[in-house]
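Trainee: Line by line, the protein sequences give chains A and B. If you read the first sequence in our numbering, its first letter stands for residue 1, the second for the next number, and so on. If you read the second sequence in our numbering, its first letter stands for residue 1, the second for the next number, and so on. Ideal Cβ positions, reconstructed from N, Cα and C, are used throughout, including at glycine. All values reported here derive from a predicted model rather than from experimental measurement. Next up is a structure, given as structure tokens.
Number of protein chains: 2
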Amino acid sequence: MDYSKLIDDFSNFTGRSTVVSISIFAAVLCLCILIGHLFEEHRWVNESITAILIGGIVGAIILFSSKGVNSHILRFDEELFFIYLLPPIIFNAGFQVKKKQFFHNFRTIMSFGVLGVFISFSIISVGCCWLYPKVGFSGLNLQDYLALGTIFSSTDTICTLQVLSQEETPRLYSLVFGEGVVNDATSVVLYNAIKKIDVSSLEGRTVLKVLGDFLYLFTTSTLLGVATGLLTAYGLKALYFGRHSTDREIALMALMAYLSYMLAELLQLSGILTVFFCGIVMSHYAWHNVTENSRITTRNIFAAMSFMAETIIFLYVGMDALDIDKWKKSETRLRTVFGIYGVTLFLILLGRAAFVFPLSVMSNYFSSPSERQLITFKHQVVIWWAGLMRGAVSIALAYNQFTFSGVTWDPIHATIVTSTIVVVLFSTLVFGFLTRPLITMMLPHRHQSETGNHHGSDNGSPSKDDMIFPFLTLDNDPSSSGLLQAKQSLSMLLERPVHTIHVHWRKFDDAYMRPVFGGPGLRIEEG
Amino acid sequence: MDYSKLIDDFSNFTGRSTVVSISIFAAVLCLCILIGHLFEEHRWVNESITAILIGGIVGAIILFSSKGVNSHILRFDEELFFIYLLPPIIFNAGFQVKKKQFFHNFRTIMSFGVLGVFISFSIISVGCCWLYPKVGFSGLNLQDYLALGTIFSSTDTICTLQVLSQEETPRLYSLVFGEGVVNDATSVVLYNAIKKIDVSSLEGRTVLKVLGDFLYLFTTSTLLGVATGLLTAYGLKALYFGRHSTDREIALMALMAYLSYMLAELLQLSGILTVFFCGIVMSHYAWHNVTENSRITTRNIFAAMSFMAETIIFLYVGMDALDIDKWKKSETRLRTVFGIYGVTLFLILLGRAAFVFPLSVMSNYFSSPSERQLITFKHQVVIWWAGLMRGAVSIALAYNQFTFSGVTWDPIHATIVTSTIVVVLFSTLVFGFLTRPLITMMLPHRHQSETGNHHGSDNGSPSKDDMIFPFLTLDNDPSSSGLLQAKQSLSMLLERPVHTIHVHWRKFDDAYMRPVFGGPGLRIEEG
Numbered sequence: 001m002d003y004s005k006l007i008d009d010f011s012n013f014t015g016r017s018t019v020v021s022i023s024i025f026a027a028v029l030c031l032c033i034l035i036g037h038l039f040e041e042h043r044w045v046n047e048s049i050t051a052i053l054i055g056g057i058v059g060a061i062i063l064f065s066s067k068g069v070n071s072h073i074l075r076f077d078e079e080l081f082f083i084y085l086l087p088p089i090i091f092n093a094g095f096q097v098k099k100k101q102f103f104h105n106f107r108t109i110m111s112f113g114v115l116g117v118f119i120s121f122s123i124i125s126v127g128c129c130w131l132y133p134k135v136g137f138s139g140l141n142l143q144d145y146l147a148l149g150t151i152f153s154s155t156d157t158i159c160t161l162q163v164l165s166q167e168e169t170p171r172l173y174s175l176v177f178g179e180g181v182v183n184d185a186t187s188v189v190l191y192n193a194i195k196k197i198d199v200s201s202l203e204g205r206t207v208l209k210v211l212g213d214f215l216y217l218f219t220t221s222t223l224l225g226v227a228t229g230l231l232t233a234y235g236l237k238a239l240y241f242g243r244h245s246t247d248r249e250i251a252l253m254a255l256m257a258y259l260s261y262m263l264a265e266l267l268q269l270s271g272i273l274t275v276f277f278c279g280i281v282m283s284h285y286a287w288h289n290v291t292e293n294s295r296i297t298t299r300n301i302f303a304a305m306s307f308m309a310e311t312i313i314f315l316y317v318g319m320d321a322l323d324i325d326k327w328k329k330s331e332t333r334l335r336t337v338f339g340i341y342g343v344t345l346f347l348i349l350l351g352r353a354a355f356v357f358p359l360s361v362m363s364n365y366f367s368s369p370s371e372r373q374l375i376t377f378k379h380q381v382v383i384w385w386a387g388l389m390r391g392a393v394s395i396a397l398a399y400n401q402f403t404f405s406g407v408t409w410d411p412i413h414a415t416i417v418t419s420t421i422v423v424v425l426f427s428t429l430v431f432g433f434l435t436r437p438l439i440t441m442m443l444p445h446r447h448q449s450e451t452g453n454h455h456g457s458d459n460g461s462p463s464k465d466d467m468i469f470p471f472l473t474l475d476n477d478p479s480s481s482g483l484l485q486a487k488q489s490l491s492m493l494l495e496r497p498v499h500t501i502h503v504h505w506r507k508f509d510d511a512y513m514r515p516v517f518g519g520p521g522l523r524i525e526e527g
Numbered sequence: 001m002d003y004s005k006l007i008d009d010f011s012n013f014t015g016r017s018t019v020v021s022i023s024i025f026a027a028v029l030c031l032c033i034l035i036g037h038l039f040e041e042h043r044w045v046n047e048s049i050t051a052i053l054i055g056g057i058v059g060a061i062i063l064f065s066s067k068g069v070n071s072h073i074l075r076f077d078e079e080l081f082f083i084y085l086l087p088p089i090i091f092n093a094g095f096q097v098k099k100k101q102f103f104h105n106f107r108t109i110m111s112f113g114v115l116g117v118f119i120s121f122s123i124i125s126v127g128c129c130w131l132y133p134k135v136g137f138s139g140l141n142l143q144d145y146l147a148l149g150t151i152f153s154s155t156d157t158i159c160t161l162q163v164l165s166q167e168e169t170p171r172l173y174s175l176v177f178g179e180g181v182v183n184d185a186t187s188v189v190l191y192n193a194i195k196k197i198d199v200s201s202l203e204g205r206t207v208l209k210v211l212g213d214f215l216y217l218f219t220t221s222t223l224l225g226v227a228t229g230l231l232t233a234y235g236l237k238a239l240y241f242g243r244h245s246t247d248r249e250i251a252l253m254a255l256m257a258y259l260s261y262m263l264a265e266l267l268q269l270s271g272i273l274t275v276f277f278c279g280i281v282m283s284h285y286a287w288h289n290v291t292e293n294s295r296i297t298t299r300n301i302f303a304a305m306s307f308m309a310e311t312i313i314f315l316y317v318g319m320d321a322l323d324i325d326k327w328k329k330s331e332t333r334l335r336t337v338f339g340i341y342g343v344t345l346f347l348i349l350l351g352r353a354a355f356v357f358p359l360s361v362m363s364n365y366f367s368s369p370s371e372r373q374l375i376t377f378k379h380q381v382v383i384w385w386a387g388l389m390r391g392a393v394s395i396a397l398a399y400n401q402f403t404f405s406g407v408t409w410d411p412i413h414a415t416i417v418t419s420t421i422v423v424v425l426f427s428t429l430v431f432g433f434l435t436r437p438l439i440t441m442m443l444p445h446r447h448q449s450e451t452g453n454h455h456g457s458d459n460g461s462p463s464k465d466d467m468i469f470p471f472l473t474l475d476n477d478p479s480s481s482g483l484l485q486a487k488q489s490l491s492m493l494l495e496r497p498v499h500t501i502h503v504h505w506r507k508f509d510d511a512y513m514r515p516v517f518g519g520p521g522l523r524i525e526e527g
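In structure tokens form, the structure reads like this:
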């Protein structure tokens, strides 16, 4: 691969490096998809691991063929991550989430995703502050330690969701999935709140202020997302784009979703939360106001975009691990470095255990006896394990805190950045490798059927087909499937009579929301 | 719109200007789609004009609210244009083209698109060289004049295609559409060939060399596109992605198409030609190897992306017209400037007339009598008119020749760049406004039915639905529609017995290509 010659040869309109890196990236992405497909049935491998390994190999090739000069072209770029790659993933998560499960478990998901992050953040911050100097590493200030707490509290549940079956353990899936999204949002919001703290005058009020900031951001971001989603639904319904303007409908949905994220960022809110709720509202209302072709297209294209964005992120992480500049700049001794890795991984394990088990017990205690769906100990272990992987959000936050647009001159900061990369790689590769065997062991009644379920959408969202077919069936033949669904719904309501809030919401939705913003004429179980 | 305050307020992860400009762009794009929808039935307006006008208005607002400082954020960017916006448009053109019509008219399309560009280029180059000094404008060298010839030879047929009906005048549509694509490719290839000329040693051999270069580029680019398309088709067929992996199929098709464009650019070929033929091959083979959902999704999403890219280009052109820096730098007198505009527009009208009418007569002369589909004089007028608009390719080439990444310090070059913008705006707005009335006058048997046809895909490709439904119908119920189509095909073959090359190709395709690369089992008329 004569990379440098390619660059020299190239003299066209377009920026040289742009075309070269885009070409390489597109080719590598194709390779990832193919290899991911071939290894699909394998017991230990999943797509994240494949992408990271391929990224590492490609990074090594580029590094060698350019003699260490050009590794920068493919450096992990936090702007790229937060502006282009994260929004489609989170939007798709909201768009494809099984709303019923999500809102039924809302209380538990929120306690894991919000309270859990606070607990994990406290343990990791205090732990780092206490243990890093013990292994011979010092030089960070208080704000750095607080930032480390949030950096290592953001989880990456993709590996686990690729293995879990939504059909066999819907509640577990919903909990892991829901926590994953809320956790991302909480970490980023908390990180932003911490960045604004004036550490010199730290006192009790500061904690309250962070909490207040957090609640404000959480509420306003959610409201902005809901508002954008409703606006889109109303616009699509009021203007009625007709049968042939599939282009416009698709473009409008995608643009409005993206706009909601960007608006939130502009207004200094949490784009993640906004675009997640925008996705939920759009799939609940707007999606029903467009043509059949648009529905199929949006479902598939959002999933495909999310899938590509995830693959790109893991590729980036793999490539970035070989950015030698950072490794050179870190002057810490080998023993200390391994001490840091060990301490951090230990704190991650501890921090997560410290909230998953107590909060699960609490959730079981508070749930009504008629629910009967308690979180068993085995499920608790799976939830604990699912959140041990650290991913792109951790790296992006670490870059933001400890580098200046990807470059750092401070050896201490370089050490932290490389440590983050090592922790992310280790947790994804080692913990990720063990996920499938662990789940097979913990949930043995699953009959090894997991291989068939995770290639529909690899982004932790429900398999598309069980989202599409109910609607399609309904559209084609409303009488039979509608009745079937209504019957299911009835039996479920008989089993769990408590959720009055859901009943009220449904009544309100049917009476006021759907006539204005659109939705299927018949009330069905949307999952 | 307190634009500068928004920028000041904003202090998040992401690059400030990026988020602000993306937000504005997304919002304006939504606005364009909505207004385009509302004005759809209007007689004089089309989407290109709407987008240019909105772009101009937004540009003016940004200019005023930032007091002339921030107009640069939204400057026309040739890299953005050639790397991100042009590929989806051209790929979609190839993907949705009615292949039968296109290849039946191949000879005529090529003579218009290749020979025509050479004729138009010669007239405009010589004309500018002779007339510009007459209106008091000098200072360009020979290469500049040659470049001007290609810049003003590239047409923009979108306006016309939005109005023409593919059903009523399939041959005319196919000619205008085919010429548009070939013309774009020819202009860019010719421009590149001219850039390499050493003007100091111009002689007879140089012309031959340009011709040789051109033929080489044309052939290799086409072959690369065909090869990439076949590779994709084979990959999708050989690996058989199964029922659920819609994500992977869609991602792979999009990535391979993009990769073909990028590879062509890397190898200094014409990406436009490559991606166009890649699109044709993909829709002929690869498209049949994917799931039903993937088929619907790819058809719609490629059309939607092309639609968005076009709208963005016209918005950019509208905004760029208000980039005051360039206007300030041009020091030419007002009388001279208007002389340039007049001369250029006159040469465009003349240059196009000089090849459309003779070549049409030639095409009529050489076509077999059994064809009976002669290009009438009215059709010739429509073809002539269709290519009078100048668009984004002209602007991008002008930027490439006369600016250094969008900035020019030379007043002479600044004059040429602003003149190009004026010519593009004038031709699109004035000629564009007149297109619909002209076509209604020229083709009065059209029963005013054009309004229903042009909102499917506004990119000059056939309306999606008549592309999708034949295939869908076939898939659902192969017996009836297949027979119908076969009957049509038979009657068409009886009418035109000459096209032996087509018959041979079909036999070869059925016997060797389709079994390897995929395709519908039954031979049908794909349009």
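1. Leaving out the 5 sequence neighbours to the left and right, which residues in its chain are closer than 6 Å to G59 (chain A) when beta-carbon positions are compared?
2. Would you kindly check if the distance between the Cβ of V181 (chain B) and the Cβ of S270 (chain B) is under 8 Å?
3. Using a 10 Å radius around the Cβ and a threshold of 16 neighbouring Cβ atoms, would you call S11 (chain B) buried or exposed?
4. Is the shortest distance between the beta-carbon of L529 (chain A) and the beta-carbons of chain B less than 8 Å?
5. Given a limit of 8 Å on CB to CB distance, which residues of the region 228–239 of chain B reach chain A?
6. Considering only residues of the same chain and omitting the five flanking positions on each side of H379 (chain A), which have a CB-CB separation below 6 Å?
7. Do we get a CB-CB distance below 8 Å when we pair I33 (chain B) with the residues of chain A?
8. Whose Cβ in chain B lies nearer than 9 Å to the Cβ of I54 (chain A)?
9. Helix or strand or just coil, what does DSSP make of T137 (chain A)?
10. Could you name the residues of the region 250–274 of chain B whose beta carbon sits closer than 7 Å to any beta carbon of chain A, in the order they occur along the chain?
11. Terminal residues of the continuous alpha helix (DSSP H) containing N293 (chain B)?
12. Compute the Euclidean distance between the alpha carbons of D9 (chain B) and S23 (chain B), then round it to the nearest angstrom.
13. Please list the partners that F402 (chain B) has in chain A, where partner means a Cβ-to-Cβ separation under 9 Å.
14. Whose C-beta lies closer than 6 Å to the C-beta of A398 (chain B) among residues of the same chain, with five residues either side of it excluded?
15. For the alpha helix (DSSP H) holding V430 (chain A), just list the boundary residues, first then last.
16. Quick one: is V19 (chain B) near chain A, going by C-beta distance under 8 Å?
17. In its own chain, which residues sit with a C-beta less than 6 Å from the C-beta of G229 (chain A), not counting the 5 before and 5 after it?
18. Flag this pair as yes or no: are the beta carbons of L345 (chain A) and F426 (chain A) separated by less than 8 Å?
19. Who are the near neighbours of T50 (chain B) in its chain, counting only those whose CB is closer than 7 Å to its CB and skipping five residues on each side?
20. Within the 8 Å Cβ cut-off, does R333 (chain B) reach chain A?
21. Closest to P437 (chain B) by CA distance: which of B:Q96, B:T415, B:N46, B:T332 is it?
22. Going by C-alpha to C-alpha distance, which of B:H502, B:F82, B:Q373 sits closest to E265 (chain B)?
23. What does a CB cutoff of less than 7 Å around H454 (chain B) pick up in its chain, not counting 5 residues either side in sequence?
24. Taking C-beta to C-beta, are V117 (chain B) and S174 (chain B) nearer than 8 Å?
25. Assuming N92 (chain B) contacts S306 (chain B) under a Cβ cut-off of 8 Å, what Cβ separation, rounded to an integer in Å, is found between them?
26. Please report the distance separating the alpha-carbon of E167 (chain A) from that of F302 (chain A).
27. According to the Cβ coordinates, are I124 (chain B) and L148 (chain B) closer than 8 Å?
28. Using a Cβ-Cβ cut-off of 8 Å, state whether D184 (chain A) counts as contacting chain B.
29. How about the region 331–348 of chain A and the region 128–143 of chain A: do they share at least three Cβ pairs that are nearer than 8 Å?
30. F91 (chain B) by DSSP, collapsed to three states: which one?
31. For the candidate residues A:F95, A:L239, A:S48, A:E292, whose alpha-carbon lies nearest to that of T311 (chain A)?
32. Could you pull out every residue in the same chain whose Cβ sits closer than 8 Å to the Cβ of V382 (chain B), ignoring the five residues on either side in sequence?
Mentor: The answer reads as follows:
1. Excluding positions up to five away in sequence, the list reads M319, L322.
2. Result no, Cβ atoms of S270 (chain B) and V181 (chain B) do not sit closer than 8 Å.
3. Only weak support is given to the placement of S11 (chain B): the predicted model assigns it a pLDDT of 36, under 50, and the value that follows is read from those uncertain coordinates. An exposed status is given to S11 (chain B), since fewer than 16 other beta-carbon atoms sit within 10 Å of its beta-carbon.
4. With chain A running from 1 to 527 in the structure shown, residue 529 (chain A) is simply not present.
5. So the close ones are G235, L239.
6. The answer, listed in chain order, is L172.
7. At least one CB of chain A lies nearer than 8 Å to the CB of I33 (chain B).
8. None at all; the shortest Cβ gap to chain B is about 14 Å.
9. According to the sequence displayed, residue 137 (chain A) carries Phe and not Thr. Residue state, collapsed to three classes: coil.
10. Flagged, chain order: I250, A251, L252, L255, M256, Y258, L259, M262, L263, E265, L266, Q268.
11. Here the alpha helix (DSSP H) through N293 (chain B) covers 292–320.
12. With a pLDDT of only 39 at D9 (chain B), under 50, the local geometry of the prediction cannot be trusted, and the value read off the model is given with reservation. Approximately 15 Å between the Cα atoms of the pair.
13. F402 (chain B) does not reach chain A, its nearest Cβ partner there being about 13 Å away, counting only Cβ pairs nearer than 9 Å.
14. If the five residues before and after A398 (chain B) are omitted, its C-beta is found closer than 6 Å to the C-beta atoms of I151, V417, T420, all from its own chain and listed in chain order.
15. Counting along the chain, V430 (chain A) falls outside any alpha helix (DSSP H), and DSSP gives it neither H nor E.
16. Under the Cβ criterion of 8 Å, V19 (chain B) is counted among the residues facing chain A.
17. Taken in chain order, the residues that qualify are C278, V281, M282.
18. With contacts defined by Cβ atoms closer than 8 Å, L345 (chain A) and F426 (chain A) form a contacting pair.
19. Result list for T50 (chain B): C32, I35, G36, F39, in chain order.
20. No, R333 (chain B) does not count as interfacial toward chain A.
21. Residue B:N46 is the option with its Cα nearest to P437 (chain B).
22. Among B:H502, B:F82, B:Q373, the Cα nearest to that of E265 (chain B) is on B:F82.
23. For H454 (chain B), the pLDDT reaches just 38, beneath the cut-off of 50, and the residue's location in the model is therefore unreliable, although a value from the coordinates is still provided. Cβ within range, chain order: Q162, V163.
24. Cβ atoms of V117 (chain B) and S174 (chain B): not closer than 8 Å.
25. Sure, about 4 Å apart at Cβ, within 8 Å.
26. Rounded to whole angstroms, E167 (chain A) and F302 (chain A) show a C-alpha spacing of 22 Å.
27. Yes, Cβ-Cβ distance for I124 (chain B) and L148 (chain B) is below 8 Å.
28. For D184 (chain A), not one C-beta of chain B is nearer than 8 Å to its own C-beta.
29. The answer is yes - the region 128–143 of chain A touches the region 331–348 of chain A, with three or more Cβ pairs under 8 Å.
30. Residue state, collapsed to three classes: helix.
31. When only C-alpha atoms are compared, the closest one is A:S48.
32. These residues qualify, in order along the chain: T160, L164, L172, V176, L438, I439, M442, L443.
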